[in-house]
Amino acid sequence: MGCNHEAIELMHKYLDGDLTKTEEANLRLHLENCESCQQHFHELKRTITWIQSTERIEAPQDFTQKVMAKLPKERKRVSYKR
Amino acid sequence: MDLMIKEKIKQVKKGDQAAFADIVTFFQNKIYQHCYRMLGNAHEAEDIAQEAFIRAYINIDSYDEGRKFSTWLYRIATNLTIDRLRKRKPDYYLDADIKGTKGLDMYSLLQADNRLPEEEVENLELQSYIHQEISELPPKYRSIIMLRYLEEFSLKEISEILDIPLGTVKTRIHRGREALRKKLRHV
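Structure (structure tokens):
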């Protein structure tokens with residue numbers, strides 16, 4: 009499985025947008041001929057899609073108020089101006 | 007949006023505290039989510055996320071307006087979560103409520119108006135499983151995976167947030183992706 013290591017490097021470079029044109033062509037050619045690398049590539053892309061599709065977590069309702077209540081006192085200059 | 011934030015920051019720098027409330031409101035979900043994912047429990051996440059905003063406020067004069075505010079803010083938040091993780095006792099993880107699917111109350115994380123039809127349950131279980139697998143990655147991989155794929159920073163920005171070389175970011179995101187691929191491949 010000597011091909012795998014190099015091909016997997018290329019897959020990650022692809023995912024980071026770092027592939028040169030030549031590397032991209034090499035990867036494409038390799039994927040056409042290697043089923044296990046195809047599978048690997050598919051799994052990587054699926055993993056990313058899953059990470060991106062996870063539920064967003066929201067801050068508690070009163071979050072901003074709590075932060076504001078804990079800030080040090082406003083500088084006098086501005087409060088005086090109001 | 008960027009323009010609005012820039013304007014608010016100018017006001018805060020002049021001493022207008024009220025302008026900071028808008029900044030908090032704008033970033034609260036992102037920062038809270040980041041802390042939650044790093045720490046794995048709601049109580050600590052709230053604590054640390056609040057602290058991040060308070061520090062941002064106190065240190066606002068050291069923020070360089072030529073740079074992206076979100077990068078600066080995430081840097082503060084990430085450093086705080088890493089400090090907190092370091093201070094934990096090793097057995098703390100046993101108590102963290104994200105472990106397993108029972109403790110992590112996914113239902114409570116859903117928005118209030120969210121309905122729960124039958125067909126979404128399966129999806130929910132998968133999501134919960136993915137959450138768990140992400141939460142079990144070592145923090146140095148977890149932070150990068152989240153910053154890249156949930157918060158959509160570029161690798162360059164991530165290297166600024168974490169203050170590590172771009173090459174290290176690439177090595178870690180590579181390893182993080184491989185680790186998750188292995189965990190999730192049989193799903």
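Protein chains in written order, with the numbering used here: chain A, 9 to 90; chain B, 7 to 193.
Built from N, CA and C at the ideal position, the CB exists for glycine as well.
Keep in mind that this is a model prediction, so the values were computed, not measured.
{"Asked": "Interface residues of the stretch 46 to 69 of chain A facing chain B [CB-CB below 8 angstroms]", "Found": "His48, Glu51, Leu52, Arg54, Thr55, Ile56, Trp58, Ile59, Gln60, Ser61, Thr62, Glu63, Arg64, Ile65, Glu66, Ala67, Pro68"}
{"Asked": "Proximal residues, the stretch 54 to 72 of chain B versus chain A, C-beta separation under 8 angstroms", "Found": "Ala55, Gln56, Phe59, Ile60, Tyr63, Ile64"}
{"Asked": "Beta carbon of threonine 55 (chain A) nearer than 8 angstroms to that of arginine 187 (chain B)", "Found": "yes"}
{"Asked": "Enclosing alpha helix (DSSP H) for arginine 64 (chain A) [first to last residue]", "Found": "No alpha helix (DSSP H) contains arginine 64 (chain A), which DSSP labels as neither H nor E."}
{"Asked": "Neighbourhood of tyrosine 113 (chain B) by C-beta, 6 angstroms cutoff - its chain only, sequence neighbours within 5 removed", "Found": "The predicted model places tyrosine 113 (chain B) with a pLDDT of 41, which falls under 50 and marks its position as unreliable, so this point remains unresolved."}
{"Asked": "Three-state secondary structure assigned by DSSP to arginine 54 (chain A)", "Found": "helix"}
{"Asked": "Sequence-distant residues of its chain with Cβ nearer than 8 angstroms to tyrosine 38 (chain B) (five each side left out)", "Found": "Ala51, Glu52, Ala55"}
{"Asked": "Alpha-carbon spacing of isoleucine 140 (chain B) relative to arginine 178 (chain B), whole angstroms", "Found": "14 angstroms"}
{"Asked": "Per-residue DSSP class, three states only, for glycine 182 (chain B)", "Found": "helix"}
{"Asked": "Which of helix, strand or coil DSSP assigns to asparagine 41 (chain A)", "Found": "helix"}
{"Asked": "Neighbourhood of alanine 77 (chain A) by C-beta, 6 angstroms cutoff - its chain only, sequence neighbours within 5 removed", "Found": "none"}
{"Asked": "Amino acids of chain B, ordered along the chain, whose beta-carbon sits closer than 8 angstroms to that of lysine 78 (chain A)", "Found": "Gln56, Ile60"}
{"Asked": "Span separating the alpha-carbon of histidine 13 (chain A) from that of glutamine 46 (chain A)", "Found": "13 angstroms"}
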